[in-house]
Structure formats: C-alpha cells, structure tokens
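S.K.: The structure is given below, and queries will be raised subsequently.
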Amino acid sequence: MLLKNTSSTAFASVLALGLMLMPAFPSSAQEKAAAPAAPQAKPTMAKICGNCHTPEQGSLRGNFDSVAYKTQSIQIKIDESTEILKFDKASLKVANVKGENVEEPLRDIKKGKEVRIEYTEKDGKKFATLVVAKPPIKVAAEKLMSTADVEKLVALGPEKGKYLLIDARPAPRFMEGAIPTAINIPFPAFEKMVNKLPQDKNALIVYYCAGMT
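Residue numbers (my numbering): 7 to 219.
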C-alpha cells in the first residue's frame, strides 16, 4: 500500500510537471486579435480636389510627378501616396496641353500640376487612357480687384462700402481664417446658397478663393 501511494504521488507529480511544461496554445479569439490589420486602400483623389469633386471609378486626381518614356509609365502624387500607371503611346490621350503627339504634351506638364487620369486595370496594373491637365483660370482684367481696393472696402464695412465679400473656399478653411466681413459660400454649394446673394443686381460682389492656378 505504501509503495502504491508513493507511485501515485510520483505519477501525480510527473503529470503536474508535464502540464506545466506543455506549450500554451492561443485561443481562436487571441488568434483573431493577433491577426494583422488589412492594409488601407490607397486614396484615388487628393484632399484638396474634394472641394469641388467626388471620387469616380477608374479615375485618379492628384499632382503630376513624372513620366518615364523607357518604361512608358506615369507617376502622380495623391497627397502622401504615389501611384504609377503604365501607358501606351498609341492610345493615350492628353487634354489641355499643346503638342502634336503624346510625348510632347506629357513633357510639358510641370511637376506638381493638378491632373486627372482615367485608367483601366489589367492583371493588377493600372493603364492610363486619358490625362487631363487642369487648365488655368482666366478672368478678364476689368473683373479683377486689387488687394489695396479690397482693404479699402473692408475698412469701410459692407454698409458704407456697399459690397458683399464672398469666401468661396470650403467651410473648414473659412473657419481657420478669412478676410474680415467675408461670408462663406463654398463653390460646390453655390447653387444651394444663392439666396445669400443681394437682391440688387447692381450690388458689388467680390469673390475670393484659395488662389488661381
């Protein structure tokens, strides 16, 4: 009996030691928690482009970075992200840039220029079909107002100066800071806020935005 009890005790000790030495296997919940997060999708449009546009399928909006004719590829920057697209000289079209063939207008697009690129996808790669450079905004000289003239109006105030100063930038930009006496009518929301315009069609209305490009 004593021998049997001793063996039982030894067996229990060995069993306990074995349990202590067994590797711990994570539960399914722990495995799920430890699984790496899925990579975030790359942006298809620069944040500033969102002031006037919405994302479109098969379209990228950002800033032109470079073109490589040897590899027939175009690189653009979308905020902090970079996109590289292949292209075929025979089928690629370039808009708003002068040039007889594809290479000339692509070469003339300056680094940082705002562009929209339409593309198709094949075998996980993007192929550019159309590059549209943002055209410069042209305003007739008689419709432009100097900074000095605006300062004079602001000093008088809307009532004495008989003017309405409109900030056409997005609301968050307006909240960060604006020219005194200005009201905010973001360009994309102009039609919805047209009731803010003066009834007098001859009233002086001065618009300003983030700048001409």
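Every residue gets a Cβ at the ideal spot worked out from N, C-alpha and C, and that includes glycine. Bear in mind that the values here come from a model prediction, so they are computed numbers and not experimental data.
Inspect the beta-carbon positions of Leu91 and Gln81 and report whether they are closer than 9 Å.
M.R.: For the purposes of this step, residue 91 is taken as the residue at position 85 of the sequence shown. For the purposes of this step, residue 81 is taken as the residue at position 75 of the sequence shown. The answer is yes: Cβ separation under 9 Å.
S.K.: Between the beta-carbon of Asn57 and the beta-carbon of Phe193, is there less than 9 Å?
M.R.: Sequence index remark: in the sequence shown, residue 57 carries index 51 (1-based). Sequence index remark: in the sequence shown, residue 193 carries index 187 (1-based). Against a cut-off of 9 Å, the Cβ pair of Phe193 and Asn57 comes out as a contact.
S.K.: Measure the beta-carbon distance from Tyr125 to Ala174 and round it to whole angstroms, keeping in mind my assumption that it falls under 8 Å.
M.R.: Your numbering for residue 125 matches position 119 in the sequence shown. Your numbering for residue 174 matches position 168 in the sequence shown. Actually they are not in contact, since the Cβ atoms of Tyr125 and Ala174 sit about 30 Å apart, beyond 8 Å.
S.K.: Alpha carbons only, please: which of Tyr169, Lys128, Pro204, Ala52 is nearest the one belonging to Asn221?
M.R.: Within the shown structure, residues of the chain are numbered from 7 to 219, placing residue 221 beyond reach of any answer.
S.K.: Look at the alpha carbon of Val160 and the alpha carbon of Tyr169, and state the distance between them as a whole number of angstroms.
M.R.: Position 154 of the sequence shown, counted from the first residue, corresponds to residue 160. Position 163 of the sequence shown, counted from the first residue, corresponds to residue 169. So the two alpha carbons sit approximately 9 Å from each other.
S.K.: Who does Gly68 pair with in a DSSP beta bridge?
M.R.: Within the sequence shown, residue 68 is the residue found at index 62, counting from 1. BP columns for Gly68 point to Val121.
S.K.: Run through DSSP, which three-state label would Val103 get?
M.R.: Within the sequence shown, the letter at position 97 stands for residue 103. Coil, per DSSP.
S.K.: Could you say which of Thr88, Val137, Arg122, Asp94 lies nearest to Pro111 if we only look at CA atoms?
M.R.: The sequence position of residue 111 within the sequence shown is 105, counting from 1. Closest by alpha carbon: Val137.
S.K.: Just the C-alpha distance for Lys202 and Ile115, rounded to the nearest angstrom, thanks.
M.R.: For the purposes of this step, residue 202 is identified with residue 196 of the sequence shown, where counting begins at 1. For the purposes of this step, residue 115 is identified with residue 109 of the sequence shown, where counting begins at 1. Distance between the alpha carbons of Lys202 and Ile115 is about 39 Å.
S.K.: Out of curiosity, what's the CA-to-CA distance linking Val212 and Ala139?
M.R.: Indexing the sequence shown from 1 puts residue 212 at position 206. Indexing the sequence shown from 1 puts residue 139 at position 133. If I take the Cα positions, the gap works out to 28 Å.
S.K.: Using the Cα positions of Cys55 and Gly183, report the straight-line distance between them to the nearest angstrom.
M.R.: Translated into the one-based positions of the sequence shown, residue 55 becomes position 49. Translated into the one-based positions of the sequence shown, residue 183 becomes position 177. About 20 Å.
S.K.: Roughly how many angstroms lie between the CA atoms of Tyr75 and Pro142, to the nearest whole one?
M.R.: The residue you call residue 75 lines up with position 69 of the sequence shown. The residue you call residue 142 lines up with position 136 of the sequence shown. Straight-line Cα distance between these residues: approximately 26 Å.
S.K.: Could one say the Cβ of Ala174 lies closer than 9 Å to chain D's Cβ atoms, at least one of them?
M.R.: Among the protein chains of the structure shown there is no chain D, as only one such chain exists.
S.K.: According to DSSP, is Phe196 helix, strand or coil?
M.R.: For this step, residue 196 is matched to residue 190 along the sequence shown. Reduced to three states, the DSSP call for Phe196 is coil.
S.K.: Return helix, strand or coil for Met51, following the three-state DSSP convention.
M.R.: In the sequence shown, the residue the question calls residue 51 occupies position 45. The answer is strand: DSSP assigns Met51 an E or B state.
S.K.: If you check the beta carbons only, do Lys132 and Glu62 fall under 9 Å apart?
M.R.: Here residue 132 is taken as the residue at index 126 of the sequence shown, counted from 1. Here residue 62 is taken as the residue at index 56 of the sequence shown, counted from 1. Cβ atoms of Lys132 and Glu62: not closer than 9 Å.
S.K.: Alpha carbon to alpha carbon, what distance is there between Pro178 and Asn190?
M.R.: For the purposes of this step, residue 190 is identified with residue 184 of the sequence shown, where counting begins at 1. For the purposes of this step, residue 178 is identified with residue 172 of the sequence shown, where counting begins at 1. About 10 Å.
S.K.: Buried or exposed: Ala146, going by 16 or more other Cβ atoms within 10 Å of its Cβ?
M.R.: Residue mapping note: residue 146 aligns to position 140 of the sequence shown, counting from 1. By the 10 Å Cβ count, Ala146 comes out exposed.
S.K.: Would you list the residues sitting across from Thr126 in a DSSP beta bridge?
M.R.: As a first step, residue 126 is located in the sequence shown; it is residue number 120 there, counting from the start. Partner(s): Phe133.
S.K.: Just grab the DSSP bridge partners of Asn190 for me.
M.R.: Here residue 190 refers to the residue found at position 184 when the sequence shown is read from its first residue. According to DSSP, Asn190 bridges with Asp173.
S.K.: Write down the C-beta distance between Thr79 and Phe93 rounded to the nearest angstrom, noting that I regard them as a contact closer than 8 Å.
M.R.: Your numbering for residue 79 matches position 73 in the sequence shown. Your numbering for residue 93 matches position 87 in the sequence shown. For the sequence presented, residue 79 should be read as Ser rather than Thr. About 7 Å; that satisfies the 8 Å criterion.
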